[in-house]
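Chains as they are written, first to last, in the numbering used here: chain A, 3 to 254; chain B, 2 to 300.
We put the beta carbon where it would ideally sit given N, CA and C, even for glycine.
Working notes, beginning with the structure itself.
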């Protein structure tokens, strides 16, 4: 089951440049939350703070409190432990090129020392079903490399890979920006099903997509969270002038 | 091109009628193609010439005795280089056991942890080491191993060759790991995989074929080295299976025989050189085939 996320006074930096300013947000469990805003506004930085991917960049640092379920993200939890509970799907599909489709999905478990063959088969099977990829790849799970799939399939493979670790939260950083409309449709459908079991935070440049998949939407501008509300309200009756300008296409 | 597009954007592009490709350009095209083919031939020619000459000179002296017997004293016909062939393999085996892990380890450090001043120092030292004459490295191994053991040995020869392998392997490994996209590493971090595990199982795994190319380059380079073995492995006229005793090596045997005044030894030196080249090519080819065999479709 998914868990909620609480963020308090989050500031993030790249060296001396501050990328996020005092972000506060409460993400509801088992719902999809979309983050919108123009390029460079800090959306990606924000979700990378949720699973501590931000700190993998040299000289990047974070201040503030993040809680995911009962886990304090920046206090006493190891980054690797945390990331097993908070899965991530990236902007560009990034399957492991030297691994078979099966090994790609099993990678998270295998590399963390899980070796039970029967359980692995089961998890791979379930994850590929959950990401709606099973029927397309079932005949060459072991023979073909993850990199041999099409872009849309690769992205669903990456989703399956993230699901296989059985996270509680799934972070998606513009998962459809490199995909065609048909693949995008498949992934959006997937998000709809996945939010029954996972808490989903999705960064997107596509406002229609935010409106379609998310119950809640946050609007970022210049590193600040301008507004956070029910998706419907953000798109029909936002309380901030800047949000209104953005969603109606007057800038950005 | 016929203008079937009537919207305004197309109208703004001025229509340029391309002149037919001139004779000069067509001739130039063929000339340049010819020149590049010629340079390829020029590069390959010495290689084939050497190989052909080796076969011509050496094939007559390769027989079962050459591959199974130890050298005979001067004047006695027959005998072979079996002990040198095995000795070379032992020395190269020791060199690879020491040099490959150290070189790959240094390469991992340089690419994953060495983006700083300390890394720059290591890179510089490694490049300098790459340029040190091989005989000097032989002297170093003499000081490090032979002086301590009090006698020449296969181990000392292996250490000398390993020192020569390390910088090549380290630098190519570094370059190959840097080619692995950051996104692949992030994918692993995102699954909760620790950094060292990501480096070994993902980054290094993804760069395997490139890293192996580097290893094979280093291996082929040291396989024919003679100078560093002169006062480390030293050579031996008899069988020796102990790694702490003077050991024969093909390159040493070729050297000794080639500078001797005896025709029979000259012939054997040619045969030895041919065997050495075949062994190197064979080893490199075997590794390549093994690697290709383990690669997935579409990878």
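Local conformation of residue i per DSSP, three classes
i                      : result
residue 9 of chain A   : strand
residue 65 of chain A  : strand
residue 176 of chain B : helix
residue 39 of chain A  : coil
residue 133 of chain B : coil
residue 26 of chain A  : strand
residue 112 of chain A : helix
residue 181 of chain A : coil
residue 176 of chain A : coil
residue 242 of chain A : coil
residue 221 of chain A : strand
residue 156 of chain A : helix
residue 1 of chain B   : Because chain B is modelled from 2 through 300, residue 1 of chain B falls outside the range shown and cannot be assessed.
residue 236 of chain A : helix
residue 226 of chain A : strand
residue 73 of chain A  : strand
residue 289 of chain B : helix
residue 17 of chain A  : coil
residue 34 of chain A  : strand
residue 63 of chain B  : coil
residue 122 of chain B : helix
residue 194 of chain B : coil
residue 17 of chain B  : coil
residue 249 of chain A : helix
residue 38 of chain B  : helix
residue 209 of chain B : helix
residue 146 of chain B : helix
residue 71 of chain B  : coil
residue 206 of chain A : coil
residue 171 of chain A : strand
residue 3 of chain A   : coil
residue 282 of chain B : helix
residue 296 of chain B : coil
residue 49 of chain A  : helix
Distance between beta carbons of residue j and residue i, contact taken as under 8 Å
i                      : j                      : result
residue 12 of chain A  : residue 25 of chain A  : 4 Å
residue 244 of chain B : residue 154 of chain B : 6 Å
residue 157 of chain A : residue 181 of chain A : 6 Å
residue 49 of chain A  : residue 231 of chain A : That belief does not hold up - the Cβ atoms of residue 49 of chain A and residue 231 of chain A are roughly 18 Å apart, past 8 Å.
residue 139 of chain B : residue 231 of chain B : 6 Å
residue 256 of chain B : residue 233 of chain B : About 14 Å; that fails the 8 Å criterion.
residue 122 of chain A : residue 202 of chain B : Wrong, their Cβ atoms sit about 15 Å apart, outside the cutoff.
residue 270 of chain B : residue 93 of chain B  : Actually they do not touch by this definition, with Cβ atoms about 20 Å apart.
residue 86 of chain B  : residue 276 of chain B : 6 Å
residue 273 of chain B : residue 254 of chain B : 6 Å
residue 94 of chain A  : residue 184 of chain B : 6 Å
residue 88 of chain A  : residue 53 of chain A  : 4 Å
residue 104 of chain B : residue 171 of chain B : 5 Å
Selected residue, minimal CA-CA separation from residue i, among the options
i                      : options                       : result
residue 168 of chain B : B:197, B:270 and B:106        : B:106
residue 216 of chain A : A:193, A:224, A:223 and A:228 : A:193
residue 48 of chain B  : B:278, B:251 and B:122        : B:278
residue 99 of chain A  : A:23, A:159, A:38 and A:147   : A:147
residue 21 of chain A  : A:225, A:79, A:237 and A:66   : A:225
residue 128 of chain B : B:111, B:220 and B:142        : B:111
residue 113 of chain B : B:196, B:95 and B:67          : B:196
residue 127 of chain A : A:242, A:145, A:107 and A:117 : A:107
residue 247 of chain B : B:68, B:109, B:88 and B:44    : B:88
residue 103 of chain A : A:94, A:133, A:145 and A:75   : A:145
residue 85 of chain A  : A:239, A:129 and A:166        : A:166
residue 187 of chain A : A:149, A:134 and A:218        : A:134
residue 212 of chain A : A:51, A:249, A:4 and A:149    : A:249
residue 145 of chain B : B:200, B:137, B:157 and B:135 : B:157
residue 108 of chain B : B:95, B:176 and B:180         : B:176
residue 72 of chain A  : A:189, A:4 and A:222          : A:4
residue 6 of chain A   : A:39, A:41 and A:75           : A:75
residue 130 of chain B : B:165, B:35 and B:205         : B:165
residue 137 of chain B : B:55, B:162 and B:149         : B:162
contact_flag[the stretch 14-22 of chain A, the stretch 51-71 of chain A] where n(CB pairs < 8 Å) is 3 or more: In short, these stretches touch, since the Cβ pair count reaches three.
Uninterrupted alpha helix (DSSP H) stretches inside the stretch 79-154 of chain A (no shorter than 4 residues): Every alpha helix (DSSP H) of 4 residues or more that sits fully in the stretch 79-154 of chain A is shown, in chain order, as 81-87, 103-113, 119-132 and 136-139.
At least 3 beta-carbon pairs within less than 8 Å: the stretch 257-273 of chain B vs the stretch 65-80 of chain B: Touching, yes, given that three or more Cβ pairs across the two stretches are closer than 8 Å.
Any 3 or more C-beta pairs closer than 8 Å across the stretch 149-168 of chain A and the stretch 201-211 of chain A: Not touching, per the Cβ criterion.
Contact between the stretch 70-86 of chain A and the stretch 35-50 of chain A (3+ Cβ pairs under 8 Å): No: fewer than three Cβ pairs fall under 8 Å.
4-residue-minimum alpha helix (DSSP H) runs that sit fully inside the stretch 224-266 of chain B, ordered along the chain: Runs of the alpha helix (DSSP H) inside the stretch 224-266 of chain B: 228-231 and 251-259.
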